[in-house]
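S.K.: Have a look at the structure that comes next, please.
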Amino acid sequence: MHGVTDFVRNIRLWFAPEEVRQEGGTPDYRFSLANERTFLAWLRTALALIGGGFAVDQFLPDLRWGWRVGLALALLAAGVLCALRAVNHWVRCERAMRRGEDLPVSRFPALLSMVVAVVAVVMVVVVLVGWEG
Amino acid sequence: MNGPVNGPPGQVPDRDPGLQPERTRLAWRRTTLSGTVVALLAGKTALAGGGTVAGIVAGAVCCVCWLGILRIAHRRIRVLAASRVPGALVPRRAGAAVLCTVVMAVCGAALVLQG
Chain A
65 MHGVTDFVRN IRLWFAPEEV RQEGGTPDYR FSLANERTFL AWLRTALALI
115 GGGFAVDQFL PDLRWGWRVG LALALLAAGV LCALRAVNHW VRCERAMRRG
165 EDLPVSRFPA LLSMVVAVVA VVMVVVVLVG WEG
Chain B
5 MNGPVNGPPG QVPDRDPGLQ PERTRLAWRR TTLSGTVVAL LAGKTALAGG
55 GTVAGIVAGA VCCVCWLGIL RIAHRRIRVL AASRVPGALV PRRAGAAVLC
105 TVVMAVCGAA LVLQG
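Heads up: the sequence lines are chains A and B, in that order.
The first sequence: position 114 = 178 (the numbering used here), numbered continuously.
The second sequence: position 21 = 25 (the numbering used here), numbered continuously.
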């Protein structure tokens, strides 16, 4: 529950930059730029997942409809989650740096890598077993 | 921080020795490239769907989102190039870039479901 309320509060901050700026002191610009690059790296990960969703739909036409659409939608949903989490984590890091607190820790990278691993294994099985079906 | 890279002590270096603004600029550039790949795949999906009205609309929305990402990146790159000590990214821009990405994914879901 704590994560959800935090998330809602952070959504407000995405669109209220002056509130972020008012808190604490301005960190070294290099830290902010590093945080920005991390955000962009996660955004690229999200775009790659979304592109993967399109690719599954377009380049595996022999798969059964259910598998193809299910995998594509799963990848698209993962991309959405990844993008939302990217901006949320960026805001949290930016605020922590302004306040001089520890940077937030996150389970998300571990979760995402496990989801990607599972999807990859499912893809291999589906392509091997379901190619004819 | 006052190593030989920075030049003589007391003198302001004319560039960041870590090239932080340049690296950030290139990160934005890579992000626009990723967005371009997604937009191309979205266009292919929209056209492969048989050219239904819904498909074309979803494809067009994806293209608009791609242009949005390009625009945000372009403005940010200009800010990064304009100052030696650029300010932090504005949350509204970050939110807008993420919004474009999310809308692309939603249009993708619509395209996949109708295709």
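Quick reminder that beta carbons are idealized off the backbone N, C-alpha and C, glycines included.
(1) With a threshold of 8 Å between beta-carbons, can residue 116 (chain B) be considered close to chain A, or not?
(2) Assuming residue 148 (chain A) and residue 102 (chain B) are in contact, meaning their beta carbons sit under 8 Å apart, how far apart are those beta carbons, in whole angstroms?
(3) Measuring CB atoms only, is the segment 130-149 of chain A touching the segment 97-116 of chain A, in the sense that at least three cross pairs come out at less than 8 Å?
(4) Identify the contact partners of residue 103 (chain A) in chain B, using a Cβ-Cβ distance below 8 Å as the criterion.
(5) Note the first and the last residue of the continuous alpha helix (DSSP H) segment covering residue 95 (chain B).
(6) Roughly how many angstroms separate the alpha carbons of residue 131 (chain A) and residue 119 (chain B), rounded to a whole number?
(7) Just to confirm the assignment: which complete beta strand (DSSP E) runs, minimum length 3, are found wholly within the segment 138-167 of chain A?
(8) How would you list, in chain order, the residues of chain A whose beta-carbon sits under 8 Å from the beta-carbon of residue 25 (chain B)?
(9) Please check if any C-beta of chain A sits within less than 8 Å of the C-beta of residue 109 (chain B).
(10) Which bits of chain B does residue 130 (chain A) rub up against, with CB to CB less than 9 Å?
(11) According to a CB-to-CB cut-off of less than 8 Å, which residues of the segment 104-122 of chain A neighbour chain B?
(12) Residue 176 (chain A) lies in the alpha helix (DSSP H); which residues open and close that run?
(13) Of the choices B:51, B:117, B:104, B:93, whose alpha-carbon is the least far from that of residue 74 (chain B)?
(14) Grouping DSSP H, G and I as helix and E and B as strand, with all else coil, what is residue 73 (chain A)?
(15) Would you decide whether residue 178 (chain A) is buried or exposed? Buried here means 16 or more other CB atoms lie within 10 Å of its CB.
(16) Check whether the Cβ of residue 137 (chain A) lies closer than 8 Å to any Cβ atom in chain B.
(17) Check whether the Cβ of residue 147 (chain A) lies closer than 8 Å to any Cβ atom in chain B.
(18) Could you name the residues of chain A that residue 34 (chain B) contacts, counting a contact when the two beta carbons are closer than 8 Å?
(19) Since residue 117 (chain B) and residue 50 (chain B) are thought to touch, with beta carbons under 8 Å apart, how far apart are those beta carbons, to the nearest angstrom?
(20) How many Å lie between residue 46 (chain B) and residue 38 (chain B) at the Cα?
(21) Mind pulling the chain A residues with CB within less than 9 Å of residue 28 (chain B)?
(22) Could you tell me how far apart the beta carbons of residue 168 (chain A) and residue 156 (chain A) are, in whole angstroms, since I believe they sit closer than 8 Å?
M.R.: A quick look at the data gives this:
(1) Locating residue 116 (chain B) in the second sequence gives position 112, where the first residue counts as 1. Chain A has a Cβ within less than 8 Å of the Cβ of residue 116 (chain B).
(2) The residue given as residue 148 (chain A) occupies position 84 in the first sequence. The residue given as residue 102 (chain B) occupies position 98 in the second sequence. About 7 Å separates the two Cβ atoms, so the contact holds.
(3) Here the segment 130-149 of chain A lies against the segment 97-116 of chain A, with 3 or more beta-carbon pairs under 8 Å apart.
(4) Here residue 103 (chain A) refers to the residue found at position 39 when the first sequence is read from its first residue. Within chain B, the residues near residue 103 (chain A) are 93, 98.
(5) Looking up residue 95 (chain B) in the second sequence gives position 91. Going by DSSP, residue 95 (chain B) is part of the alpha helix (DSSP H) stretching over 95-118.
(6) Translated into the one-based positions of the first sequence, residue 131 (chain A) becomes position 67. Translated into the one-based positions of the second sequence, residue 119 (chain B) becomes position 115. Between the alpha carbons of residue 131 (chain A) and residue 119 (chain B) lies a distance of about 14 Å.
(7) Here no run is fully enclosed.
(8) For the purposes of this step, residue 25 (chain B) is identified with residue 21 of the second sequence, where counting begins at 1. Here the neighbours are 97.
(9) Here residue 109 (chain B) corresponds to residue number 105 of the second sequence, with the count starting at 1. For residue 109 (chain B), the answer is yes, since a Cβ of chain A falls inside 8 Å of its Cβ.
(10) Looking up residue 130 (chain A) in the first sequence gives position 66. For residue 130 (chain A), no chain B residue has a Cβ inside 9 Å of its Cβ, as the nearest lies near 12 Å away.
(11) Considering only beta carbons, the part of the segment 104-122 of chain A lying closer than 8 Å to chain B consists of 104, 105, 107, 108, 110, 111, 112, 114, 115, 117, 118, 119, 121, 122, in chain order.
(12) Residue mapping note: residue 176 (chain A) aligns to position 112 of the first sequence, counting from 1. Where residue 176 (chain A) is concerned, the enclosing alpha helix (DSSP H) stretches over 172-193.
(13) As a first step, residue 74 (chain B) is located in the second sequence; it is residue number 70 there, counting from the start. Here the closest residue by C-alpha is B:104.
(14) Stepping through the first sequence from its first residue, residue 73 (chain A) is reached at position 9. Here residue 73 (chain A) carries a helix assignment [DSSP, helix/strand/coil].
(15) Walking along the first sequence from the start, residue 178 (chain A) turns up at place 114. Exposed: under 16 other Cβ atoms inside 10 Å.
(16) Position 73 of the first sequence holds residue 137 (chain A). Interface annotation, residue 137 (chain A): in contact with chain B, CB-CB separation under 8 Å.
(17) Locating residue 147 (chain A) in the first sequence gives position 83, counting from the first residue. Yes, residue 147 (chain A) lies at the interface with chain B (some Cβ there is under 8 Å from its Cβ).
(18) Along the second sequence, one-based indexing puts residue 34 (chain B) at 30. By Cβ distance, chain A contributes 104, 108.
(19) Against the second sequence, residue 117 (chain B) aligns to sequence position 113. Against the second sequence, residue 50 (chain B) aligns to sequence position 46. Contact between residue 117 (chain B) and residue 50 (chain B) is absent: CB atoms are separated by about 13 Å, not below the 8 Å threshold.
(20) Residue 46 (chain B) sits at position 42 when you count from the first residue of the second sequence. Residue 38 (chain B) sits at position 34 when you count from the first residue of the second sequence. Looking at the two C-alpha atoms, the distance is approximately 12 Å.
(21) What you label residue 28 (chain B) is simply residue 24 of the second sequence in a count that begins at 1. The answer, in chain order, is 97, 98, 100, 101, 104.
(22) One-based indexing of the first sequence puts residue 168 (chain A) at position 104. One-based indexing of the first sequence puts residue 156 (chain A) at position 92. With 8 Å as the limit, residue 168 (chain A) and residue 156 (chain A) qualify as a contact, their Cβ atoms being about 5 Å apart.
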